[in-house]
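Numbering (the numbering used here), first residue to last: 1 to 250.
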């Protein structure tokens with residue numbers, strides 16, 4: 001069925017995007033392939049074939065937009081200030097760009113799905129949609145995907161604040177931080193990552209209203225689709241021109 005196909009395509013997107021994000025060393029490319037993996041969540045929610053699944057997919061679009069926008073802006077700031085794109089050369093960056101890396105940590109924890117960050121709300125919605133659909137095997141795929149997110153986001157945070165390079169840069173602090181006014185857009189996005197997670201009800205209400213309307217219209221169309229006539233040989237009857245016969249509702 002179409003729903004199953006979307007579930008499998010979503011799984012492929014999450015798997016391939018996560019694998020590429022893990023093996024890449026360029027920070028912007030890593031975040032870009034992470035976005036490929038995140039589109040797999042949207043396919044997954046839509047493929048569940050339930051209203052709750054569609055709600056989860058739409059909410060995830062909002063959560064991902066807020067979180068990933070901040071991460072891309074942070075990556076741009078890091079590259080501009082350090083002239084470096086390689087993840088393996090970002091040891092101790094938390095002591096050179098503490099505010100920037102604090103906001104990166106917020107985005108990373110959201111991507112992994114830690115509570116109090118909007119990514120957790122998103123994954124919770126998917127879990128509820130999966131439970132409601134009865135397709136419990138998808139829950140394992142959701143958990144594995146969250147673990148894969150951790151494999152390529154959390155090492156960046158750990159390297160930035162811990163380890164020998166971090167201790168060295170902590171002892172010899174050289175600030176590479178951008179002015180606060182330049183970081184204001186990222187600060188707003190980081191605040192939204194937490195704010196939408198905690199004060200999510202207004203967003204939930206708006207999304208649910210739209211999803212319910214679309215879902216109701218889809219069910220109405222499905223109920224009123226005409227049944228094709230059977231010509232006695234297991235095939236719909238046609239009018240001689242390859243078109244099914246329409247009996248006008250009789």
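Even glycine gets a Cβ: it sits at the ideal position worked out from N, Cα and C.
Here the structure is a predicted model, which means the values were calculated and not measured.
*Rounded to whole angstroms, what's the CA-CA distance from residue 185 to residue 46? Just pull it up for me.*
31 angstroms
*In chain order, each alpha helix (DSSP H) run of at least 4 residues that lies wholly inside the segment 4 to 50*: 27 to 47
*Just reading off the alpha helix (DSSP H) that residue 111 is part of, what are its end residues?*
98 to 112
*From the DSSP output, in three-state form, read off residue 167 for me.*
helix
_In the DSSP assignment, the alpha helix (DSSP H) including residue 150 goes from what residue to what residue?_
137 to 161
*Nearest-angstrom Cα distance between residue 53 and residue 154?*
28 angstroms
*When you compare each of 99, 30, 151 to residue 177 by their alpha carbons, which one comes out closest?*
99
*Express the C-alpha separation of residue 179 and residue 156 in angstroms, rounding to a whole number.*
23 angstroms
*Where residue 81 and residue 91 are concerned, what is the direct C-alpha to C-alpha distance, given to the nearest angstrom?*
15 angstroms
*Pairwise C-alpha distance: residue 36 and residue 13*: 6 angstroms
*Should residue 190 and residue 70 be called a contact, given that it needs their Cβ atoms to be closer than 8 angstroms?*
yes
_Nearest residue (CA-CA) to residue 88, options 211, 215, 30_ = 30
*Distance between residue 106 and residue 203 (C-alpha atoms, nearest Å)*: 20 angstroms
*Pairwise C-alpha distance: residue 167 and residue 21*: 27 angstroms
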